[in-house]
Amino acid sequence: MSPTAPLTTVPVRHYLQFSDLSAEEYAHLFARAAEIKRKFKAYEKYHPLADRTLAMIFEKASTRTRVSFEAGMYQLGGSVVHLTTGDSQLGRAEPIEDSARVISRMTDLVMIRTYGQDKIEKFAQYSRVPVINGLTNEFHPCQILADIFTYIEHRGSIQGKVVAWVGDGNNMANTWLQAAELLGFTVHLSTPSGYEVDQAVAGLRSSASYKVFKDPQDACQGADLVTTDVWTSMGFEAENEARKKAFADWCVDTDMMQVAQPDALFMHCLPAHRGEEVSAEVIDGPQSVVWDEAENRMHVQKALMEFLLLGRVSA
Ligand code: CP
Ligand code: NVA
Numbered sequence: 022m023s024p025t026a027p028l029t030t031v032p033v034r035h036y037l038q039f040s041d042l043s044a045e046e047y048a049h050l051f052a053r054a055a056e057i058k059r060k061f062k063a064y065e066k067y068h069p070l071a072d073r074t075l076a077m078i079f080e081k082a083s084t085r086t087r088v089s090f091e092a093g094m095y096q097l098g099g100s101v102v103h104l105t106t107g108d109s110q111l112g113r114a115e116p117i118e119d120s121a122r123v124i125s126r127m128t129d130l131v132m133i134r135t136y137g138q139d140k141i142e143k144f145a146q147y148s149r150v151p152v153i154n155g156l157t158n159e160f161h162p163c164q165i166l167a168d169i170f171t172y173i174e175h176r177g178s179i180q181g182k183v184v185a186w187v188g189d190g191n192n193m194a195n196t197w198l199q200a201a202e203l204l205g206f207t208v209h210l211s212t213p214s215g216y217e218v219d220q221a222v223a224g225l226r227s228s229a230s231y232k233v234f235k236d237p238q239d240a241c242q243g244a245d246l247v248t249t250d251v252w253t254s255m256g257f258e259a260e261n262e263a264r265k266k267a268f269a270d271w272c273v274d275t276d277m278m279q280v281a282q283p284d285a286l287f288m289h290c291l292p293a294h295r296g297e298e299v300s301a302e303v304i305d306g307p308q309s310v311v312w313d314e315a316e317n318r319m320h321v322q323k324a325l326m327e328f329l330l331l332g333r334v335s336a
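Quick note, this note's numbering runs 21 ahead of the 1-based positions in the sequence shown.
As structure tokens, this is what we get:
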């Protein structure tokens with residue numbers, strides 16, 4: 022092997038937004054996630070990524086993303102390197118392309134949580150190894166991967182179903198919309214005025230898979246799943262006070278859940294603020310599956326890392 026050859030044997034694929042995989046590849050990932058979760062619950066050793074290293078770069082805070090990727094990689098037999106802006110040259114203005122070239126020569130896979138989508142795209146452009154989006158201002162694909170897997174576990178296929186989005190037109194909303202277009206369900210979208218989704222930013226082909234509602238209660242009417250997110254996402258803290266006023270009516274409460282389907286689920290990517298975007302009765306109530314949703318981050322991301330590094334594993 023040439024001394025400068027990349028380490029990977031599988032063609033490099035990145036996971037920068039939900040639309041980077043096909044519906045058929047998602048079906049494969051959901052099946053693998055179920056099998057990998059079964060092995061985890063049975064303490065069955067599964068080390069397909071022995072000797073592989075995941076670099077995790079965090080430019081924003083995290084609990085779930087860090088724990089799920091780190092624990093997941095160890096469970097697959099690999100190891101991790103954790104970098105933040107504050108403790109690496111990333112915070113001292115080393116160019117992204119140089120960081121990407123260096124980090125991707127020493128590791129097999131990179132997960133990045135950062136601000137603009139353009140940053141992760143640039144990193145991927147100069148990376149020799151697959152890059153995974155662990156959240157940007159625009160998208161949070163690993164979260165929606167977990168959310169849809171959780172829906173399937175509880176209710177079966179999401180195709181043809183209605184997902185009500187109540188809140189900010191943010192990274193989560195954009196990613197739900199991409200998923201709806203790809204997997205064949207509908208999003209009922211209700212955002213306060215001034216916080217709407219931008220179809221171009223969300224990267225949608227058309228508006229066929231979503232409907233916009235002024236009143237969040239109307240968006241929840243007949244929904245199979247009701248979901249929301251914080252009023253103020255990371256990076257937007259300066260807008261906190263203005264957002265508190267604008268979002269006051271966008272709190273998922275029992276009235277909203279009552280107009281949804283009787284077996285509707287409630288999801289939230291977490292962290293949650295009870296009394297702001299969701300009432301305690303709803304998030305701690307019987308329709309909420311938020312803890313399964315959080316746990317499933319790890320199982321689906323293990324399936325994703327397996328897929329990106331080894332291709333389709335069928336065993
Ligand atoms: N849902 C989610 O991504 O959580 P963290 O910010 O804790 O990683
Ligand atoms: N929209 C939130 C999600 C946190 C997991 C944020 O970007 O801060």
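Backbone N, C-alpha and C fix where the C-beta goes; we use that ideal spot for every residue, glycine too. Since the structure is predicted, the reported quantities are computational estimates derived from the model, not experimental observations.
Helix, strand or coil at residue i according to DSSP, with G and I counted as helix
i: Phe2; result: No information on residue 2 is available, as it lies outside the stretch 22 to 336 that the chain covers here.
i: His161; result: coil
i: Met77; result: strand
i: Thr248; result: strand
i: His175; result: helix
i: Lys60; result: helix
i: Asn195; result: helix
i: Ala285; result: coil
i: Lys265; result: helix
i: Trp312; result: helix
i: Ala201; result: helix
i: Val184; result: strand
i: Lys66; result: coil
i: Tyr95; result: helix
i: Ser100; result: strand
i: Thr253; result: coil
i: His294; result: coil
i: Val218; result: coil
Separation of residue j from residue i, as counted between CA atoms
i: Leu111; j: Asn154; result: 17 Å
i: Val102; j: Ala293; result: 28 Å
i: Glu262; j: Lys143; result: 33 Å
i: Ser254; j: Asn191; result: 8 Å
i: Gly181; j: Leu246; result: 12 Å
i: Phe268; j: Gly332; result: 43 Å
i: Thr84; j: Met94; result: 16 Å
i: Gln372; j: Leu166; result: Outside the shown range of the chain, which is 22 to 336, sits residue 372, and nothing can be said about it.
i: Lys266; j: Asp41; result: 36 Å
i: Val88; j: Met319; result: 8 Å
i: Gln282; j: Ser109; result: 49 Å
i: Asp239; j: Thr249; result: 15 Å
i: Gly224; j: Val131; result: 23 Å
i: Leu330; j: Asp270; result: 44 Å
i: Val280; j: Val187; result: 14 Å
i: Gly205; j: Tyr231; result: 11 Å
i: Ser335; j: Ala54; result: 12 Å
i: Leu104; j: Pro69; result: 24 Å
i: Tyr216; j: Asp129; result: 38 Å
Buried versus exposed call for residue i [16 or more other C-beta atoms within 10 Å across all chains shown]
i: Met326; result: buried
i: Trp312; result: exposed
i: Ser228; result: exposed
i: Val183; result: buried
i: Thr171; result: buried
i: His209; result: buried
i: Val251; result: buried
i: Tyr64; result: exposed
i: Glu118; result: exposed
i: Gly243; result: exposed
i: Glu45; result: exposed
i: Gln164; result: buried
i: Ala52; result: exposed
i: Met127; result: exposed
i: Asp236; result: exposed
i: Arg295; result: exposed
i: Glu202; result: buried
i: Pro162; result: buried
i: Asp72; result: exposed
i: Ser43; result: exposed
i: Glu115; result: exposed
Whether residue i touches residue j by CB criterion (9 Å)
i: Asp274; j: Glu302; result: yes
i: Ile124; j: Ser148; result: yes
i: Gln38; j: Gln138; result: yes
i: Ala145; j: His289; result: no
i: Gln308; j: Ala285; result: yes
i: Ile304; j: Phe328; result: no
i: Ala185; j: Ser214; result: no
Any C-beta of chain D under 9 Å from that of residue i
i: Lys62; result: Within the model displayed, chain D is absent; a lone protein chain is all it includes.
Assumed close pair residue i, residue j - CB separation to whole angstroms, cut-off 8 Å
i: Val310; j: His175; result: 6 Å
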